[in-house]
Every structure is written in structure tokens, then in C-alpha cells.
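Here's the structure, in C-alpha cells; my notes come after.
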Amino acid sequence: MLLRTLTSLLSSGARVDTGDGFWLPPQASTYSQGIDWVFYFIYWICVFFFVLIVALMILFVWKYRRTSVTHQAGETVTHHTPLELTWTIIPLILVIAIFWIGLDGYVDMIRPPANAYEVNVVAQRWNWSFEHRNGAQDSQILKVPAGRPVKLVMTSQDVLHALFIPAFRAKQDVVPGRYTTLWFEAKEPGLYQLFCAEYCGTQHSQMGATVAVYPPDEFDEIIAKDARWLDNYTDENLYQAGLRIFARCSSCHSLQEEVRLTGPSFWDVHDDFGKKRLMEGDYEADIDENYIQDSILNPQKDIVATYQGVMPTFQGALKPREVRAMVEFLKRLDEVVDRQGNPIE
Numbered sequence: 163m164l165l166r167t168l169t170s171l172l173s174s175g176a177r178v179d180t181g182d183g184f185w186l187p188p189q190a191s192t193y194s195q196g197i198d199w200v201f202y203f204i205y206w207i208c209v210f211f212f213v214l215i216v217a218l219m220i221l222f223v224w225k226y227r228r229t230s231v232t233h234q235a236g237e238t239v240t241h242h243t244p245l246e247l248t249w250t251i252i253p254l255i256l257v258i259a260i261f262w263i264g265l266d267g268y269v270d271m272i273r274p275p276a277n278a279y280e281v282n283v284v285a286q287r288w289n290w291s292f293e294h295r296n297g298a299q300d301s302q303i304l305k306v307p308a309g310r311p312v313k314l315v316m317t318s319q320d321v322l323h324a325l326f327i328p329a330f331r332a333k334q335d336v337v338p339g340r341y342t343t344l345w346f347e348a349k350e351p352g353l354y355q356l357f358c359a360e361y362c363g364t365q366h367s368q369m370g371a372t373v374a375v376y377p378p379d380e381f382d383e384i385i386a387k388d389a390r391w392l393d394n395y396t397d398e399n400l401y402q403a404g405l406r407i408f409a410r411c412s413s414c415h416s417l418q419e420e421v422r423l424t425g426p427s428f429w430d431v432h433d434d435f436g437k438k439r440l441m442e443g444d445y446e447a448d449i450d451e452n453y454i455q456d457s458i459l460n461p462q463k464d465i466v467a468t469y470q471g472v473m474p475t476f477q478g479a480l481k482p483r484e485v486r487a488m489v490e491f492l493k494r495l496d497e498v499v500d501r502q503g504n505p506i507e
């Protein structure tokens, strides 16, 4: 799915944020320029005073150095009212100015326009899920239109996360048991990086996603198709839909044989299908359709030996037919990918 998105946007000449470069990423949202202005305003004030203070230090060290053993220290100055007023009033004015321009930008950033396009975001270790109002869902790809305000309504299913899109200068905590919001307006089509910016566990650094920004007319068509994407699969080929749903699992499970992440490789489940496997608690469970379904909806029921029970439930996050697709996907994995995880054409 990500490959098709990438190909589509690249063919249209869209911008791609690779994250390369030493300095700030491209200004890809409408309020990013204002944020950068505040950053550079503070930055150059710091540079000015750093150079001034260091230069004066060097000057005084040289000018008032002790030139001989008989050189005695002069009278010590304990008070200088004009100088003290100067170094109090000027910084006060600068701090007030920084506060004011920062507050002005902050107020704009926390008040989304009334006509903003809404996307529900669910964070859970260690992936992102995005749901549009028409029922279209994606994992690891946030699709939005260019030139239109977008409001993200976010919550977490486990621990504290933070959604961060550097090119948009957008960052907001995602809190379990609460809803937080974030809005932005992308200026042009392209692909941009999305990160979790709050440490959330062992796979925190892998909790990334892609923001795909489409031209408005193309976006409407794509989201309408995404809402019906599963309808394109019959019961006979439903297993093929599992590869797209797997994007929600990829941070913890591998499609490569014998590659152990937080959870077992999907090849382990496929190879053991129809057999028994040792579970925590020193008992064996049948690896069948019920086991796969329970692992998705009630993952704490049977935990494979030597693994920790850290998987969250996908109850409510996956529709019944999507669960069926994953069951069939794992049963027929060798028809979809090879043992290195490459899709079979």
C-alpha cells in the first residue's frame, strides 16, 4: 500500500521529505514559516549575546591581566546603576517580545478552523492507525489533502505517545484515556515523515509513519475507494487482503523466517498451523483458526513461551472481515510472501 502511494505521488512530481540535511526540514505547512521565524529570532539573539559576552570576556582577560608580580589589583566596583538597569531592561523587553510572538503563534496552532477535515488517530505500541469519517482506515499512512485544514483527533490505547511531523512543525502528546487534537494545512502534495516523539517502550524508535499529501480532487477519490477496499476481495481471495492489514503488525511481527521481534514471526505461526505450541504457564495450545483470532482480539489468553504479553487487543480496531482476512493470511502465508518477506507476484 505504501509502495503504491509512493509511486503515485512521485509520478506527479510531489515533494518527498527524506529527513536528510543538517538544519530544519522544509516548511510544508501554512504555519511552519511563523514557527521558524520565532526560532530564528531567538537563535540570532542567542548568537549575538554569545559573541558579545565571549568577546568582552576575552577583552577583559587581556586588558586587565596581571603584567608583573608587583602589579596590584585596583579598586573593586560594587555598584553601577546605569549598567544594571541596562542589562535588566533590555533582556526584559526581549523576553516580553518572545513571549508575545510565541503566544500569538500558539493561539493559532491550537484553534483549528471550523471547516477542518477530521481524521481519528489511535496510537498503540508500536504503530499508528488512522480512520476517516467515511470509514476508510490506514495503518502507518496518514492520507490528507493539500490546501485544506486537517484536524487530528487522537488517543492512545496503552501508554503516552506523541505525534510529531517535523516538516509541518506539528507535535502533540497522545494520551491514554483522553482525546487531544492537532491541526495543520499542508501546502503541497508530497510524502512527509511522522514520528512518535515520546518514549513508549523498546520499539519506540520504530514507531514511525508516512504522511501522504494528495491534490484535493485526487484525495477525495482515493479516500472513497479506501472505504470500500475490502469489498474488492471475495471469500476465495480474502487472504490476500492480509498483507495490507499486516502494516499494523509490522513493528512487532516479522514476515521473515526466524526473525524475532517483540512477537513471533508470522512464519512461525504459519509453519505451526495444525500443530501444538508451548505457551507461558507450561501448557500447549492448538495453533488453529481460533488461536489466531484470539491472538488478535484477546492476546493475553495464550502467550507463546519465551515472549512477553505486551500485545494490545485489536478488538474494535479491526472489523470482523479484517480479522477473517488475517486468519486466512496466516494460514496461506506461503502463497502471499516468500520466507524473506517479499511479496509473491
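Quick note on numbering: the working numbering labels position 128 of the sequence shown as 290, and the sequence is numbered without any gaps.
Idealized CB from N, CA, C, for every residue including glycine.
Check                                                                                                                                                                         : Outcome
Using C-beta distances below 8 angstroms, list every residue in its chain close to VAL216, excluding the 5 sequence neighbours before and after it, in chain order.           : none
Starting from GLU280 and walking both ways along the beta strand (DSSP E), at which residues does that stretch end?                                                           : 279-286
What did DSSP end up calling LYS437 once you bin it into helix, strand or coil?                                                                                               : coil
With distance defined between alpha-carbon atoms, name the residue in LYS493, PHE428 and ILE303 nearest to ILE327.                                                            : ILE303
Between LEU214, GLU419 and SER412, which lies nearest to ALA371 when the distance is taken from Cα to Cα?                                                                     : SER412
Does the region 437-448 come close enough to the region 378-396 to have 3 or more Cβ pairs within less than 8 angstroms?                                                      : no
Among the candidates ASP496, ASP430, GLU347 and VAL209, whose CA atom is the shortest distance from the CA of GLN189?                                                         : GLU347
Mark GLN299 as exposed unless 16 or more other C-beta atoms lie within 10 angstroms of its C-beta, in which case mark it buried.                                              : buried
Nearest-angstrom Cα distance between THR342 and GLU484?                                                                                                                       : 27 angstroms
Within its chain, find whatever has a CB closer than 6 angstroms to the CB of VAL321; leave out the 5 residues flanking it on each side and keep chain order.                 : CYS362
Run the CB neighbour count on HIS323, radius 10 Å, all protein chains shown included, and call it buried at 16 or more, exposed below.                                        : buried
Kindly indicate which residue of ILE506, LEU221, PHE491 and ARG295 has the alpha-carbon position closest to the one of ALA386.                                                : ARG295
Looking only at DSSP bridge pairs, what is GLY478 linked to?                                                                                                                  : The partner list for GLY478 (beta bridge, DSSP) is empty, contrary to what the question assumes.
Alpha carbon to alpha carbon, what distance is there between THR238 and ILE252?                                                                                               : 25 angstroms
Look at the alpha carbon of THR317 and the alpha carbon of PHE211, and state the distance between them as a whole number of angstroms.                                        : 42 angstroms
Would GLY404 be called buried (16 or more neighbouring beta carbons within 10 Å of its own) or exposed?                                                                       : buried
Please name the residue, chosen from CYS414, VAL431 and GLN418, that lies closest to GLY425 on a Cα-to-Cα basis.                                                              : CYS414
For ARG494, which of LEU400, PHE261 and ILE207 has the nearest alpha-carbon?                                                                                                  : LEU400
Can ILE407 and ALA285 be called in contact, C-beta distance under 9 angstroms?                                                                                                : no
What three-state label does DSSP hand GLN418 in the structure shown?                                                                                                          : coil
Return the chain-ordered list of same chain residues with a C-beta closer than 8 angstroms to the C-beta of GLN195, the five sequence neighbours on each side being excluded. : GLN189
Please report the straight-line C-alpha distance between GLN518 and LEU254, rounded to a whole angstrom.                                                                      : No information on residue 518 is available, as it lies outside the stretch 163 to 507 that the chain covers here.
Considering just the uninterrupted stretch of the beta strand (DSSP E) at THR343, what are its terminal residues?                                                             : 342-346
Just confirm the distance between the C-beta atoms of ALA467 and GLU442, as a whole number of angstroms; I'd bet it's less than 8 angstroms.                                  : 6 angstroms
Taking the alpha-carbon positions, what's the GLY267 to LEU247 distance?                                                                                                      : 30 angstroms
Going by the DSSP bridge assignment, what does HIS323 pair with across the sheet?                                                                                             : VAL336
Let me know if LEU218 comes out buried or exposed under the rule of 16 or more other beta-carbons within 10 Å of its beta-carbon.                                             : exposed
How should SER367 be labelled, buried or exposed, when 16 other C-beta atoms within 10 angstroms of its C-beta is the threshold for buried?                                   : exposed
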